[in-house]
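Following: one structure in structure tokens, then a few remarks.
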Ligand code: SDX
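Numbering (my numbering), first residue to last: 64 to 441.
Below is the structure:
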């Protein structure tokens, strides 16, 4: 085996062979199991996409209704986990609450049976079903209220929105939210998926894997950027303020949230679709100034940095959809996690097939043969 040259951040280094998704960063192409994301966004649903990603094929009508039925009837959160959440500080970030709850879920299903297809299927169903409920539950518990129980008669996306505000969402808004979940479901070897694969490679349980991935996704350079983008747009406040804001960012060579990508060197195809969803939603609910500010930001940043491959990524427009749906800003990254559970579970199954623990090497740049130094001499 030839030794690879060290690349910081493992940039350009393949960490797995995979059939789950494909990205061409030069032309801005994303495929899930070979299907262009544009077609899944246009014609599919999130649960259908999750099935395709996890099991590697489109569900038949019977497969899909069985999958939906199982997930619908496993939505309720464990009472003890809800009680645990009551001990969390109200000021805690929902991503930390989600990471703790996902790990806690594993306490209820501690008997691992990774070679049993029934165990795998049940874990897939439980995580897809319960993660949204736990995100919504903490939202109410941290305000001192009782969580809203999931409804079995609502779709996956509609039920999540219902659990946030106890109102049945408008079907168009539920569909737009469902499409956002599809767009966020999977994205090759991003940082949180790499975390999931490393954790899965030790043959631990899927609940610990999701907890590991949630912890990684929360960082501002990864999934946490969608929350930062909205805070940036609110800080800018008007179209007139965009240019002075950016001039200061350019002068200090600061990273502008929602722009840039390790792989895409053109506009993220998901950002293009999300932008259309923003326009559709604003057509339905009326626009607000933040979209105009975003458009001005995109124009100036891509004029200045587009040649360097800095363009809007998935996080740039997603927050505008969620904000317009009335979702609190600090739930934007947990929503990213709700969707990405599908990708992490697909990679869990694929890692089980690879069956090799991740243990890379390093280039040691420290000292050798150092003497023990008595404390009196330090
Ligand atoms: C996601 O990997 C995935 O697939 C992730 C994701 C997924 O679906 O899982 O797509 C989701 O995480 C999207 C990214 C969300 N993060 C942000 O929006 C945060 C802002 N973006 C940057 O931090 C950055 O672009 C990264 C982290 C996304 C990518 O960083 P890289 O590949 O390590 O790039 P880099 O930091 O080496 O930058 C290369 C150059 C630098 O300039 P030079 O020092 O060479 O002159 O590009 C510049 C950077 O300064 N640059 C930016 C920039 N991003 C990179 N300059 C200004 N603003 C930015 N956002």
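Just so it is clear, CB atoms sit at the ideal spot from N, CA and C, and this is done for glycine as well.
query, result
"Rounded separation between residue 422 and residue 264 - CA only", "9 Å"
"Through-space distance from residue 346 to residue 282, alpha-carbon basis", "32 Å"
"Collapsed DSSP secondary structure at residue 296 in the structure displayed", "helix"
"Under the three-state DSSP convention, the category residue 388 falls into", "coil"
"C-beta atoms of residue 139 and residue 181 nearer than 8 Å", "no"
"Cα-Cα separation between residue 176 and residue 183, rounded to whole angstroms", "8 Å"
"Proximity below 8 Å, CB of residue 417 to CB of residue 117", "no"
"heavy atom of ligand 1 below 7 Å from residue 377 C-beta", "yes"
"Start and end residues, beta strand (DSSP E) containing residue 84", "84–87"
"Touching by the beta-carbon criterion (3+ pairs, under 8 Å), the region 301–313 and the region 347–366", "yes"
"Among 160, 273 and 223, nearest to residue 169 - alpha-carbon criterion", "273"
"Endpoints, the alpha helix (DSSP H) within which residue 202 is located", "180–204"
"Near ligand 1: residue 75 beta-carbon under 7 Å from a heavy atom", "no"
"Residue 383 - partner residues in DSSP beta bridges", "Residue 383 pairs with nothing; no bridge assigned."
"Which of helix, strand or coil DSSP assigns to residue 257", "helix"
"Spatial distance of residue 72 from residue 284 (CA atoms)", "13 Å"
"Residue span of the alpha helix (DSSP H) that contains residue 309, given as start and end", "305–314"
"heavy atom of ligand 1 below 7 Å from residue 325 C-beta", "yes"
"Reference residue 351, options 324, 82, 383 and 340, closest by Cα", "383"
"Pairwise C-alpha distance: residue 134 and residue 380", "29 Å"
"Local Cβ density within 10 Å of residue 427, reported as buried at 16 or more and exposed below that", "exposed"
"Beta-carbon gap between residue 329 and residue 374 smaller than 8 Å", "yes"
"Status (buried if at least 16 other CB within 10 Å, exposed otherwise) for residue 132", "exposed"
"Rounded C-alpha distance that separates residue 122 from residue 368", "42 Å"
"First and last residue of the uninterrupted alpha helix (DSSP H) at residue 177", "Taken as a continuous stretch (DSSP letters only), residue 177 belongs to no alpha helix (DSSP H), as it is neither H nor E."
"Beta-carbon gap between residue 397 and residue 198 smaller than 8 Å", "yes"
"Residues that DSSP places opposite residue 121 in a beta bridge", "Answer is none; residue 121 lacks a bridge partner."
"CA nearest to the CA of residue 167, picked from 86, 192, 136 and 270", "270"
"Sequence-distant residues of the same chain with beta carbon closer than 6 Å to residue 223, five excluded per side", "195"
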